[in-house]
Structures are given as structure tokens and as C-alpha cells.
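One structure is given here, and the rest of the page talks about it.
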Amino acid sequence: MANRPHILLTITMLAWGGNAVAGKLAVGHVSPMMLTFGRWSLAIVFIWLLAWREVRKDWPVIRANLPYLLLMGMVGYTLFNALFYTAANYTSGINLALEQAAIPLFIFIGNLLVFRIATTSRQMIGFGLTVIGVILTVTHGNPLNLMKSGLNFGDFLMLIAVLIYAGYSIALKSRPEMHWKSFFTIMVTSAFITSIPFAAWEIASDKVIYPFGLQGALVVLYAAILPSIVSQIFFILAVEKLGANISGLYINLVPIFGTLLSVLILGEPLGWHHGIALLLVTGGIVYAQTGARKA
Numbered sequence: 297m298a299n300r301p302h303i304l305l306t307i308t309m310l311a312w313g314g315n316a317v318a319g320k321l322a323v324g325h326v327s328p329m330m331l332t333f334g335r336w337s338l339a340i341v342f343i344w345l346l347a348w349r350e351v352r353k354d355w356p357v358i359r360a361n362l363p364y365l366l367l368m369g370m371v372g373y374t375l376f377n378a379l380f381y382t383a384a385n386y387t388s389g390i391n392l393a394l395e396q397a398a399i400p401l402f403i404f405i406g407n408l409l410v411f412r413i414a415t416t417s418r419q420m421i422g423f424g425l426t427v428i429g430v431i432l433t434v435t436h437g438n439p440l441n442l443m444k445s446g447l448n449f450g451d452f453l454m455l456i457a458v459l460i461y462a463g464y465s466i467a468l469k470s471r472p473e474m475h476w477k478s479f480f481t482i483m484v485t486s487a488f489i490t491s492i493p494f495a496a497w498e499i500a501s502d503k504v505i506y507p508f509g510l511q512g513a514l515v516v517l518y519a520a521i522l523p524s525i526v527s528q529i530f531f532i533l534a535v536e537k538l539g540a541n542i543s544g545l546y547i548n549l550v551p552i553f554g555t556l557l558s559v560l561i562l563g564e565p566l567g568w569h570h571g572i573a574l575l576l577v578t579g580g581i582v583y584a585q586t587g588a589r590k591a
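Numbering-wise (this note's numbering), the sequence shown opens with residue 297 and increments by one.
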């Protein structure tokens, strides 16, 4: 399987797209903070069994960069997922999937502002198309809705989550040199630790829903194994074979898979604006990234 990186990437994007469906299936069966905590509680066991040797070897580097690593795990893993699963209570799985497509856009803007990375007209056009697609999604096909009734709370939370993950991705440029297993293990460990206060708050405020039922338990298990562990490992292996540029293009499959799974599994209606938005966000990002590789 490791010699078939394209298959690894397709499975990865399918699992990440399915996370939007998992978020919707969790509603009423496991609360957002408990799902976040449960996800990383299970994931931490798997990853430490897999990577404890590498962590021990890299410990001097880890210890020297511990504040950075803990902050990155909290921001990229805990906060993003807490917002993502909370947003699922207020918006559709299709919207969750499509709005994730804005992550490359915000990374692009962040790199431009922070690192002054040069941009091309092709990139500007591509990301402009992505913006239009996201606007169509959050306004249900009518941008005037934003002025009339404001932004749906779930869509608002999802856009905040997208901004947070984009910031996390940009900050990865400062990642210390260590084995990828070590880095990922500390990220998951940080996510587990920092998800505890969120779960405690949910319990204290009497808003918690424990995953004692079959559906809730399966959602937690799916989130812990596929999007958290298997997909991350598959993606890293694929990048080693194909490089970051080609592998990165596959991320455009996430909103496509997420949308299709939301229709097939959740039975959500696919509006005309969803179809147009899907074409705009995926086409725009592919157009921009193709330009970036040539630049």
C-alpha cells in the first residue's frame, strides 16, 4: 500500500471528508467537547504504541520546543475540532465540507501578509473564485441574506475554525526538526491534555452527552482512528513518495467527498448553490495551485 501513494491520498481525503458526516451524526448522541476529548483519548493510545521509540530519541528537541509544540497541538487539533463539531449542531454537513475549502485561501493570505510570498495573477483569480464559492455556501446562494439575517452561527464557527487551522498550517514553517512520528505524537498528546478543560466545562454546565449509545460510540471510534491516525499516517507516507505539491492537490477532494457523503449518508439536499460553490472552490484552488507550481 505504501507504494501506491495515490490510493493512500484518496483514502485520506475520503476519511477527512467523512469527518463532516461524523460531526452531523454526533448531534444528539455525543456532545462536541466530549467528542473532541474522546477522539484524542483513543488516538493518544494508538500513536504512543506506534511512536514511543522515536519520541524517546527526539526527546531533547521536544523538551527544548515544548511550549511551541503544546500550543500547536491545542490550536490545530483541539480548538479546530471543538469548533468544527460545535458548528455541526447548527449547519449542514455539506456546508461543513465546502467551508473547509477556504483553508488554502487563508493560508495563502497569511503567507502573503507574514512572509511576503510573491503571488501571481493566476493565484489571485483562483482564490477569488474560492471566495465566491464560500460566500455562496454560507449565504445559501443569495449574498443579500448576509445583510438581512446575518451569518448562520454554525457557518460562523466553521469560518473561525478555518482561520485557526490556516494559522496552524502557517506556523508549521517553524516546526523543529524531528521524526514525523515524534511530532505527531506530541501534537496528539497536547490535544488530549488541552481537550480536558473543554470536556470539564461541558460536564459542569450540564451540556454533556456521553457516547454511551452505539451511534455515539461509533462516531468517536471513527474520528479517533480514521481522520486522526490512519489518514495522517497515509498522508505523510504519500508526501514522502510524491512530494508536498502533488499531495496537496488531493486536499481538493475533501469538499467533494464531504458533499457526496452528506447527500448519500445524511440525505441532505444538494442545492444549486452547493453545486456551483463546489465547482468554484475546487476549480479555483486547483487553478491557483497549478499556477503556484509553475511560479
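Where is the CB? At the ideal position from N, CA and C, for every residue including glycine. Note that this is a predicted model, so its numbers are computed, not measured.
Reference F449; option with closest CA among F488, N391, Y373, T332: N391
The region 485 to 496 in contact with the region 300 to 315 per 3-pair CB rule at 8 Å: With a cut-off of 8 Å, the region 300 to 315 and the region 485 to 496 do not count as touching, because too few Cβ pairs lie within range.
task: Measure how close the beta-carbons of L522 and V317 come, nearest whole angstrom, since I'm counting them as under 8 Å.
output: At roughly 11 Å, the Cβ-Cβ gap does not stay under 8 Å, so L522 and V317 are not in contact.
message: Output needed for E350: all residues of its chain with C-beta closer than 6 Å, excluding positions within five of it in sequence on either side, in chain order.
response: Excluding five sequence positions before and after E350, the CB atoms of its chain that fall closer than 6 Å to its own CB belong to H475, K477, S478, given in chain order.
message: Using the three-state DSSP reduction, which class does N361 fall into: helix, strand or coil?
response: coil
Option in V535, N315, T433, R300 with minimal Cα separation from L517: N315
query: Out of curiosity, what's the CA-to-CA distance linking Q396 and L468?
result: 18 Å
field: Segment contact, 8 Å Cβ cut-off, at least three pairs: the region 420 to 434 with the region 564 to 583
entry: Contact between the region 420 to 434 and the region 564 to 583 is present, because at least three Cβ pairs lie under 8 Å.
- prompt: Taking only runs of the alpha helix (DSSP H) that begin and end inside the region 425 to 471, which ones reach a length of at least 4 residues, in chain order?
  reply: Those alpha helix (DSSP H) runs which fall completely within the region 425 to 471 and span 4+ residues are 440 to 445, 449 to 467.
- prompt: How about I532 and P400: are their beta carbons less than 9 Å apart?
  reply: no
task: Can you tell me which of the three DSSP states D502 falls into?
output: coil
- prompt: Do you know offhand how far M329's Cα is from L514's?
  reply: 16 Å
query: Where does the unbroken alpha helix (DSSP H) through G314 begin, and where does it stop?
result: 301 to 322
- prompt: For the alpha helix (DSSP H) that contains S558, what are its first and last residues?
  reply: 549 to 560
- request: Have a look at G372 and S417 and give me their C-alpha separation to the nearest angstrom.
  value: Distance between G372 and S417, taken at the CA atoms: about 30 Å.
- request: Note down the Cα distance separating D354 from A534, rounded to an integer number of angstroms.
  value: 23 Å
V371 CB to nearest heavy atom of the ligand HEM below 8 Å: This structure simply doesn't include the ligand HEM, nor any ligand for that matter.
task: Pick out whichever of S470, L310, P493, Q511 has its Cα sitting closest to the Cα of L365.
output: S470
message: Using the three-state DSSP reduction, which class does I413 fall into: helix, strand or coil?
response: Three-state DSSP puts I413 in coil, outside helix and strand.
- request: Assign Y461 to one of two classes, buried (16 or more other C-beta atoms within 10 Å of its C-beta) or exposed (fewer than that).
  value: The residue is buried, with at least 16 neighbouring Cβ atoms inside 10 Å.
- prompt: Terminal residues of the continuous alpha helix (DSSP H) containing F531?
  reply: 527 to 538
task: Please go through the same chain and pick out, in chain order, the residues whose beta-carbon is closer than 6 Å to the beta-carbon of I310, but skip the five residues on each side of it.
output: A quick correction: the sequence has Leu, not Ile, at residue 310. F553.
field: Under 9 Å between C-beta atoms of G429 and I572
entry: The answer is yes: Cβ separation under 9 Å.
message: Let me make sure I understand the geometry here. Which of F402, L575, L321, I358 has the alpha-carbon closest to that of L455?
response: F402
query: Just how far apart, CA to CA, sit R300 and W336?
result: 28 Å
task: Using only alpha-carbon positions, find the residue among V458, F508, P551 that is nearest to L331.
output: F508
- prompt: Exposed or buried, which one is F411 when buried takes at least 16 other CB atoms within 10 Å?
  reply: exposed
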